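In full-length UniProt numbering, the protein residues as written are 1 to 974.
Cβ atoms here follow ideal geometry from the backbone N, Cα and C, with glycine treated the same way.
Owing to the predicted nature of the structure, the values given are computational and were not obtained by experimental measurement.
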């Protein structure tokens, strides 16, 4: 009876019968609205077993259809579904029976029985349809605080499905007697065609290596990911795959159920008495520091968000730990104010860190010279990392000198080591952190694993036993935070030809309850906000809002996908206001010659322009835009849109100490080589690239080289693997170590130039020459001066462009990604297969950010979307049907190893090309309906957002909800 069942409405409307068996014999139960509504006498008894379903044959003048709309095309429960049936008097269109069942509207499947009865005897025509829409709108009621929210959208879907049913039946009647029934415009019938489900296909283009390059040299070749086969077969070992040690305990945490409250009491007595429980760990058990920068490991006197860890239960199994954790009793007393949204933070002036500001030119004077001024705001929701491997850690006490081995899924082993050492009050040299591989991170495993490992380490020290702490998905999403939701406010001064003269932009991000990396994120957002555009008079300001949500953290792109999205929104708004093609406004405002960014760093936009021109050409942009216009003229309820977006992405960190790395390369006497470096394999292929580097430098096949794990024992004092710099800095360190070794071997090779690698290595050993070397790289050295508002802080830029085409269903809000073309400036790629894979993955994650993924919070700050059931990332059917990625013809980049570029993050932002294609399709629908071409469309552009922006007679039937009359089910936090 779940309201999300797609079968129940159609089986119910078809008068199907359940045949059930029990000890009392066979019984037949009609699957009607009474059964679906859960009427007591129609409920299956526990002893009854369903043996078959009888589906009656439809009569000649009986028509049955089913409809559904879900947040995602595949593997998603329906937002609303319906089963509809109509029976006509023979050889007429007079209704003798009508049934409509809806799922997703109430707690069970509901029937529009009252409306259906009133329509019996009516003719199947437009007058009946108009009356039916009004009746159903009144009968199908949804309160504002109804679970699931989206009240207006769900009611609109209910009426829209009725219209689709009307058209479907009318089409079938017309087929039976073409002369008896009125003609139906072909512009309307297209809505009955579903989006085709086809496997995506595409093409990857890159420059081949020089024909003179030795075959053994793997640099520049599309080498398969080192662990690719192991990932596919399940042989790759992740943290939770490690064998359970004797006496190992499992940890489950108890988290706060309040956003802002005082802890009055904590009673763990029942939990301690539970089966298998060894101990309960609280803040009182922490021997050293209980956290960092306002972020506590264990809450002590006060909780500042839902999901904050209060205590942990250690037991002999995870099931026992979970069961006991539910028995911990905590009494709270609410504390005011409770700040959840950016607007709340602005009201209470609740911020983290100072306001950051950058300015160039004279903004106020330029506004006075502009032909037009446009002001507005845009909201961008947050995003969950949704890495395949949740946060995972194993802590193993070694039994002496307070030593511990930490096996952790982390991007930053050194930070985890430091956090655990500080928490336990011992030196770092007693803590050994090991990272074999990480099952995805995207920034979410930079700072958070340090806190979670420390929570586990306290339990390990207290019990003296190994601790395994693996978060379930729902707990991971609740505790760890994600991408920062953003509110952008803008004022733009521009000329009638679309040339922007001035812009004043303010960014506010929801940082959550503690600083984490939020101040760096807002700095990045401001530094990169201008994207590809030269705005001569530009002022940008940013604040981090402190709220009572879990602390948000680093995420792929690190502020750029949010900040640059605001700029692209401005470009589209100017184009709409001037009634100009968006691509022309973007071209007009692009950097054209060597110039300086808003933070006064010089750069050459040549590759930016080449990417743009290549993307226009590769995508056949102008021909396809004409085809899109023709498509839209022929269809009323389906529209297509196409958009092309440029990109200037700054690679690196705004702090110099991040540009360093070390590596240890060891040659064994059999000629095999073991490489260790400070980077972490997150799935991005860094280990594959490091083996390629060692292979070139040592002039040996890749098969000779093995890379075991990242460990603070072999490579200490590492920096986080992120900001697209992992291969840049660690590659240089591996290169340095290999060059040191080759210099040692040089005399031996000269003595025996025809010898083999194995012979040279054995001779070196005989001559007592060290066959291990530490390599080190000290990289780009420049810091940002925020007082002056300037700094040459980024070693280089990655340029790109993406063109995307979509089709939307104006009645449901569903959309289909038809084609995407990406051109990226990767210079001389070390591994085109890995780099293009990163571009594709980042793009798909970006289209998820801008069109699908929606975090929903209650007004009290409780996260509803805590797993794949409620939170939808992009799936295979969301990937563009045609997906083409090209690397620009290489040009030198002296700032990175082998003249390459880091491409792990840049593609994320290009996902917004799908968003702006959707906006173009919606604009086409609005224009045909006589609506304003300028309207507020926020990110993500979900099916709800698309449908409600395509205003029509059906949306107008649904009264708007008044948020002042009652508390809504969910609220936007940006």
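request  = Quick one: measure Cβ to Cβ for residue 550 and residue 307, integer angstroms, because I've assumed they're closer than 8 Å.
outcome  = 5 Å
task = Examine the Cβ distances between the stretch 874-887 and the stretch 314-326 and report whether three or more of them are shorter than 8 Å.
result = no
query = In terms of residue numbering, what span does the beta strand (DSSP E) encompassing residue 280 cover?
reply = 277-281
request  = Have a look at residue 873 and residue 970 and give me their C-alpha separation to the nearest angstrom.
outcome  = 20 Å
query = Is the CB-CB distance between residue 789 and residue 536 below 8 Å?
reply = no
ask   = Which partner residues of residue 25 appear in the DSSP bridge assignment?
value = 22
key: Cβ separation of residue 115 and residue 136, assumed to be a contact under 8 Å, to the nearest whole Å   = 5 Å
query = Can you tell me whether residue 661 is buried or exposed, with buried defined as 16 or more other CB within 10 angstroms of its CB?
reply = buried
query = When DSSP builds the beta bridges, which residues end up paired with residue 62?
reply = 87
request  = Compare the beta carbon distance of residue 515 and residue 590 with 8 Å and say whether it is the shorter of the two.
outcome  = no
inquiry  = Please state whether the Cβ-Cβ distance between residue 570 and residue 490 is less than 8 Å.
reply    = yes
query = For the candidate residues 748, 758, 779, 755, whose alpha-carbon lies nearest to that of residue 767?
reply = 748
query = Just how far apart, CA to CA, sit residue 562 and residue 573?
reply = 17 Å
query = By Cβ distance below 7 Å, which residues in the same chain neighbour residue 915 in space, the five residues on each side in sequence not counted?
reply = 850, 851, 939, 941
key: Between the CA atoms of residue 783 and residue 355 - distance to the nearest angstrom   = 18 Å
query = Is residue 699 buried or exposed, if buried means 16 or more other CB atoms sit within 10 Å of its CB?
reply = exposed
message = Quick check on the burial criterion: 16 or more other C-beta atoms within 10 angstroms. Buried or exposed for residue 234?
response = exposed
request  = Please list, in chain order, all residues of the same chain as residue 440 whose beta carbon is under 7 Å from its beta carbon, the five residues on each side excluded.
outcome  = 387, 388, 389, 682, 683
ask   = Is it right to say residue 919 is buried, meaning 16 or more other beta carbons lie within 10 angstroms of its own, or is it exposed?
value = buried
ask   = Looking only at C-alpha atoms, which of 420, 150, 14, 74 sits nearest to residue 960?
value = 150
query = Is the beta carbon of residue 478 sitting closer than 8 Å to the one on residue 974?
reply = no
task = Please state whether DSSP places residue 721 in a helix, a strand or coil.
result = coil
task = To the nearest angstrom, report how far apart residue 473 and residue 673 are at their CA atoms.
result = 38 Å
ask   = Under a Cβ-count criterion, where at least 16 other Cβ atoms within 10 Å of its own Cβ denotes burial, should residue 58 be classed as buried or exposed?
value = exposed
key: DSSP state of residue 119 mapped onto helix, strand, coil   = helix
request  = Would you mind giving the Cβ-Cβ distance between residue 140 and residue 102, rounded to the nearest angstrom? I have them listed as a contact below 8 Å.
outcome  = 6 Å
ask   = Taking the continuous alpha helix (DSSP H) assigned at residue 582, which residues delimit it?
value = 582-589
inquiry  = Let's test the definition: count the other Cβ atoms within 10 Å of the Cβ of residue 976 and tell me whether it reaches 16, buried, or not, exposed.
reply    = Lying before the first or after the last residue shown, residue 976 is absent from the chain, which here runs from 1 to 974.
request  = Starting from the C-beta of residue 548, find all residues in its chain whose C-beta is less than 7 Å away, skip the five residues before and the five after it, and write them out in chain order.
outcome  = 259, 260, 304, 305, 338, 339, 340, 513, 861
query = Going by Cα to Cα distance, which pick from 437, 286, 899 is closest to residue 239?
reply = 437
message = For a minimum of 3 consecutive residues, which ranges assigned as the beta strand (DSSP E) are wholly contained in the stretch 796-877?
response = 796-809, 815-824
message = Quick check on residue 710: buried or exposed, where buried means 16 or more other Cβ atoms within 10 Å of its Cβ?
response = buried
ask   = By DSSP, does residue 513 sit in helix, in strand, or in coil?
value = coil
task = Please list, in chain order, all residues of the same chain as residue 450 whose beta carbon is under 6 Å from its beta carbon, the five residues on each side excluded.
result = 415, 416, 419
ask   = Where does residue 369 sit, in a helix, a strand or coil, going by DSSP?
value = helix
request  = Less than 8 Å between the CB atoms is what I'm expecting for residue 173 and residue 181, so what's the real figure, rounded?
outcome  = 5 Å
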